[in-house]
Amino acid sequence: DGATVVSVTDVDFNYQYEYLGAKERLVITPLTDKCYITLAQALGMYFGGAPAGPAGTGKTETTKDLGNTLGIFVVVTNCTDQMKYTDCAKIFKGLCQGGLWGCFDEFNRITLPVLSVVAQQVLAIQNAKKQGVELFQFPGDPQNISLQPVCAFFITMNPGYAGRQELPENLKALFRGVAMMVPDFQIIKKVKMCSVGYKDFDLLSAKFFSLYATCKEQLSNQRHYDWGLRNILSVLRTMGTTKRENE
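Heads up: the sequence shown begins at 19 in this note's numbering, then just goes up one per residue.
Written as structure tokens, this is what we have:
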């Protein structure tokens with residue numbers, strides 16, 4: 019019926035035609051591939067996705083990029099321990115009615131009593147999606163809420179940091195976990211260098227990779243040193259700017 023269908027393995031998504039502009043795309047590494055497939059399978063079974071791992075491994079960015087691929091706007095919410103269940107309810111209701119994806123960053127910062135209520139809210143939405151209804155009863159709301167079936171929820175977590183909660187079991191059951199570890203930096207450097215116009219990107223990316231690896235191993239620990247992905251990307255952006263200015 020004229021819809022553009024995007025297939026990720028055996029799960030089909032209708033392209034949503036949300037105007038998102040010409041955004042930068044992620045470099046596809048084996049980690050990105052694995053994450054896409056797991057999230058797509060989760061959505062196919064009406065679950066949410068829960069990428070977990072250390073900071074700077076691309077949990078939020080991968081979720082945003084998948085939404086971008088399917089033409090869906092992704093709303094990112096940074097969670098804090100100040101959040102109440104009513105705040106979460108407002109966001110969930112908005113996402114359901116707008117047919118948007120919600121990505122809740124550092125979800126395990128939210129306090130335990132709030133998390134157990136959130137589990138009931140997410141369960142109500144997932145049950146409504148499975149039944150294919152247009153209107154459903156949201157917990158604690160006298161009015162029926164309209165539901166766009168493309169809406170979905172993702173939570174990202176930094177396990178093992180101070181002040182983080184362990185998720186309750188009834189909430190864990192509603193999301194499919196993806197373990198995000200450190201991606202292959204060399205592939206990212208190579209593709210980014212090629213995209214900003216460097217000809218010897220193969221050789222340069224290997225040198226860049228060796229330089230950062232050596233610095234990380236040899237230099238003493240200082241608070242202002244950062245050899246992570248965010249720093250690498252800012253260096254690559256500067257390299258692109260310098261190259262364009264010198265041509």
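Cβ atoms here follow ideal geometry from the backbone N, Cα and C, with glycine treated the same way.
Work out the CA separation of residue j and residue i for me, nearest whole Å.
i	j	result
THR22	PHE91	17 angstroms
ILE56	ASN264	Per the sequence presented here, residue 56 reads as Thr, with Ile not at that position. Rounded to the nearest angstrom, the two C-alpha atoms are 43 angstroms apart.
ALA107	TYR33	27 angstroms
PHE171	ARG248	25 angstroms
LYS261	LYS217	11 angstroms
SER25	PHE31	6 angstroms
LYS127	SER164	The sequence as given places Arg at residue 127; Lys does not occur at that position. Looking at the two C-alpha atoms, the distance is approximately 29 angstroms.
PHE219	ALA60	36 angstroms
GLY237	GLY178	With the sequence shown as reference, residue 237 is identified as Leu, and Gly is not the correct amino acid for it. Roughly 26 angstroms between the two C-alpha positions.
ASN188	HIS242	40 angstroms
ASN239	THR232	13 angstroms
Can you determine whether any heavy atom of the ligand SAM sits closer than 7 angstroms to the C-beta of residue i, and answer yes or no?
i	result
PRO186	Absence of the ligand SAM is noted for the structure shown, with no ligands found whatsoever.
What are the partner residues of residue i, as DSSP defines its beta bridges?
i	result
LEU153	SER164
PRO69	VAL196
SER25	ASP30
ASN145	Answer by DSSP bridge pairing: none, since ASN145 is not bridged.
ILE173	PHE122
THR95	PHE122
Using C-beta distances below 7 angstroms, list every residue in its chain close to residue i, excluding the 5 sequence neighbours before and after it, in chain order.
i	result
PHE125	CYS97, ILE173, THR174 and MET175
PRO160	none
Are residue i and residue j touching if we call contact CB-CB under 8 angstroms?
i	j	result
TYR54	LEU88	no
LEU198	ALA68	In the sequence under discussion, the amino acid at residue 198 is Met, which differs from the Leu named in the question. Cβ atoms of MET198 and ALA68: not closer than 8 angstroms.
VAL93	LEU118	yes
GLN183	THR129	yes
LEU254	LYS207	yes
TYR64	GLN144	yes
PRO201	GLY76	yes
GLY112	LEU192	no
GLY116	ILE109	no
CYS169	CYS212	no
So, at 6 angstroms on beta carbons, what are the nonlocal neighbours of residue i in its own chain, with the 5 sequence-adjacent residues on each side left out?
i	result
GLY258	VAL214
For chain B, check one thing: does any of its Cβ atoms lie closer than 8 angstroms to the Cβ of residue i?
i	result
GLY215	Absent from the structure: chain B. Only one protein chain is present.
Cutting at 8 angstroms between CB atoms, please list the residues of its own chain near residue i, excluding the five before and the five after it.
i	result
LEU38	ASN86, GLY89 and PHE91
Specify whether the stretch 93–101 and the stretch 144–155 touch according to this definition: at least 3 beta carbon pairs, one from each stretch, less than 8 angstroms apart. Three or more beta-carbon pairs separated by less than 8 angstroms are not found between the stretch 93–101 and the stretch 144–155, which leaves the two stretches without contact.
Does the stretch 33–53 come within contact of the stretch 121–140, defined as at least 3 CB pairs closer than 8 angstroms? With the cut-off at 8 angstroms, the stretch 33–53 and the stretch 121–140 do not touch.
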